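If you're matching positions, the sequence shown starts at 45 in the working numbering and goes up one per residue.
Here a beta-carbon is modelled for each residue, glycine too, at the ideal position from N, C-alpha and C.
As the structure is a computational prediction, the values presented were derived from the model and not from experiment.
Please read the structure below before turning to the comments.
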Amino acid sequence: MRYFRAIIAYDGTNYHGWQAQPILNTVQATMVKAFRSAFGIAVSLRAASRTDAGVHANGQVITLRAELGLSITPTKIIAVWNHKLPFDITIKSMIEVTSDFNMHAYVIDKIYTYDFFIERPLPTYSRFGWYYGYEIDLDKLCQALKVFEGTHDFRSFCTGDERENTVRTVISTKVTYIAARR
Numbered sequence: 045m046r047y048f049r050a051i052i053a054y055d056g057t058n059y060h061g062w063q064a065q066p067i068l069n070t071v072q073a074t075m076v077k078a079f080r081s082a083f084g085i086a087v088s089l090r091a092a093s094r095t096d097a098g099v100h101a102n103g104q105v106i107t108l109r110a111e112l113g114l115s116i117t118p119t120k121i122i123a124v125w126n127h128k129l130p131f132d133i134t135i136k137s138m139i140e141v142t143s144d145f146n147m148h149a150y151v152i153d154k155i156y157t158y159d160f161f162i163e164r165p166l167p168t169y170s171r172f173g174w175y176y177g178y179e180i181d182l183d184k185l186c187q188a189l190k191v192f193e194g195t196h197d198f199r200s201f202c203t204g205d206e207r208e209n210t211v212r213t214v215i216s217t218k219v220t221y222i223a224a225r226r
């Protein structure tokens, strides 16, 4: 059995989140199916965190466990697996790790980016943000976001009791204005 840590990216528009679910199309299920197609064997995948339906990731950390021969390198695994994956999922990097590797022990922070448009976006960008076609006072928005900074219990934002500890620390919030591409 071999163990790997990989960094992946995906456009989550066509997926019902990361975690495999019966009947629904998910990133994890798609990756498992592509791996089996590429290598003819099963793979076990775990993610450092899950994403919701329609959410994109640019640096999602996953671990994988599979009965791969010793001669196949992480570089070769990436090339073959990416060839079988749809274009909205890609493996960016991969290293071999020991069986006791715990990706959660190495998490320093997570960065979440929320994009919204104040001008109608071009179709090629529209799926990556929310269009809000009204005037926005960016200074007031920055002030309002400061409320989230610090350590807070976010249980009221959860849909269920899936986590015992819902206390999290938001290190910083930032609003960046980027002019629309035309």
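- The segment 70-89 makes contact with the segment 100-111, as at least three CB pairs between them are under 8 Å.
- The beta-carbon separation of PHE172 and ASP159, rounded to 6 Å, stays under the 8 Å limit for a contact.
- When only Cα atoms are considered, GLU193 and ILE155 end up about 13 Å apart.
- Closest by C-alpha distance to ASP197, out of THR157, GLU208, SER137, ILE222, is GLU208.
- Nearest C-alpha to THR95 among TRP62, ILE122, THR74: TRP62.
- Nearest C-alpha to ASP132 among VAL99, THR220, ILE162, VAL105: VAL99.
- If you compare the alpha carbons of SER81, PHE161, ILE135 with that of TYR54, the shortest gap goes to ILE135.
- Straight-line measurement puts the Cα of VAL214 at about 37 Å from the Cα of LYS128.
- In this structure, PHE48 is the residue among PHE48, THR74, THR220 with its C-alpha nearest to the C-alpha of THR119.
- Nearest neighbour of ALA91 by Cα position, chosen from ALA149, LEU68, THR117, ILE67, turns out to be ALA149.
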